[in-house]
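Here the sequence shown is numbered in the working numbering, starting from 4 and rising by one per residue.
Virtual Cβ for every residue (Gly too), placed ideally from N, Cα, C.
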Amino acid sequence: MNLKRIEILGVPVDCVTIQEAVDAAEQIVEGRHPAGYILAVNPEKVMAAGSQPAVLAQLRSAALLIPDGVGIVIAARLFGLARLSRVPGAELMPRLCEMAARKGYPVFLYGAKPEIVREAAIALQRDFSGLCVAGTQHGYATEEEMPALIERINASGAKLLFVALGSPRQENWIARHFSMLTTVRVCQGVGGTFDVLSGRVAR
């Protein structure tokens, strides 16, 4: 991936359009780049990273940092750094699922309430013909259940994993467990996107 990465108040963010983000993820899944995770950068993350070294470390370790918040786009322009296009995580996830359906890559959904994640999976399979949702898991798994969850994700053969635990919980989970995932090539923290996909929450 030949992406330009800038820093806003010391916090990295990639200069990508939504299509470039999809293309980058596809290259990772194909094995042309190391497996990695996608995190969204917004003003809240910038503020948190300024006072919490762990947050900054998570961001610096990500394969792709999308400019999710409009405040990030404005800040980049005001500081004369770049003209960014906003890439909302809630819009990127369906685009990644579209790519996964087209290429035959299984996906796994983790997070939200049991009925929400089930309905999100149904909606995605309705919208993207041929999409293989290899598994789902609600967001209430305990720490004791994590080894079994990791085993389930690995056994599913999923190439893309979407984690909807809310921030910062999802970022913490990804940073802690990504190295344990044996088949997942791309992982994205997606916040409340499952709620939107289920139709229960409007964007």
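Beta-carbon proximity check, residue i vs residue j, cutoff 7 angstroms
i              : j            : result
arginine 89    : valine 110   : no
alanine 158    : leucine 152  : no
threonine 196  : alanine 93   : yes
glutamate 122  : serine 201   : yes
leucine 87     : valine 76    : yes
leucine 168    : glycine 142  : yes
valine 58      : leucine 12   : no
methionine 102 : glutamate 23 : no
valine 25      : arginine 98  : yes
C-alpha distance - residue i paired with residue j, whole-angstrom precision
i              : j                : result
isoleucine 177 : phenylalanine 82 : 31 angstroms
isoleucine 9   : cysteine 18      : 7 angstroms
alanine 104    : cysteine 135     : 7 angstroms
serine 132     : glycine 160      : 19 angstroms
proline 70     : glycine 138      : 29 angstroms
glycine 194    : arginine 172     : 9 angstroms
glycine 192    : glutamate 174    : 7 angstroms
glycine 53     : asparagine 45    : 13 angstroms
valine 120     : glutamine 140    : 7 angstroms
arginine 188   : serine 170       : 21 angstroms
proline 117    : valine 14        : 34 angstroms
threonine 20   : proline 37       : 21 angstroms
alanine 78     : glutamine 55     : 21 angstroms
glutamate 146  : alanine 115      : 16 angstroms
glutamate 154  : alanine 65       : 23 angstroms
threonine 185  : isoleucine 156   : 9 angstroms
leucine 127    : valine 199       : 11 angstroms
Run of the beta strand (DSSP E) containing residue i, from where it starts to where it stops
i           : result
leucine 112 : 110-114
glycine 13  : Counting along the chain, glycine 13 falls outside any beta strand (DSSP E), and DSSP gives it neither H nor E.
Neighbour flag for residue i against chain C, beta carbons, 7 angstroms
i          : result
leucine 59 : Among the chains of the structure shown, chain C does not appear; only one protein chain is present.
Run of the alpha helix (DSSP H) containing residue i, from where it starts to where it stops
i            : result
proline 37   : Run containing proline 37: none; DSSP gives neither H nor E here.
cysteine 190 : Counting along the chain, cysteine 190 falls outside any alpha helix (DSSP H), though it belongs to the beta strand (DSSP E) covering 189-192.
lysine 7     : Element bounds for lysine 7: n/a, residue is neither H nor E.
alanine 66   : Counting along the chain, alanine 66 falls outside any alpha helix (DSSP H), and DSSP gives it neither H nor E.
proline 97   : 92-106
Helix, strand or coil at residue i [DSSP, three-state]
i             : result
aspartate 71  : coil
alanine 85    : coil
arginine 203  : coil
valine 58     : helix
alanine 124   : helix
valine 25     : helix
valine 19     : coil
alanine 240   : Because the chain is modelled from 4 through 206, residue 240 falls outside the range shown and cannot be assessed.
threonine 185 : coil
glycine 53    : helix
Taking the runs of the beta strand (DSSP E) that are 3 residues or longer, which of them lie wholly in the stretch 128-181? Complete beta strand (DSSP E) runs here, min 3: 136-140, 163-167.
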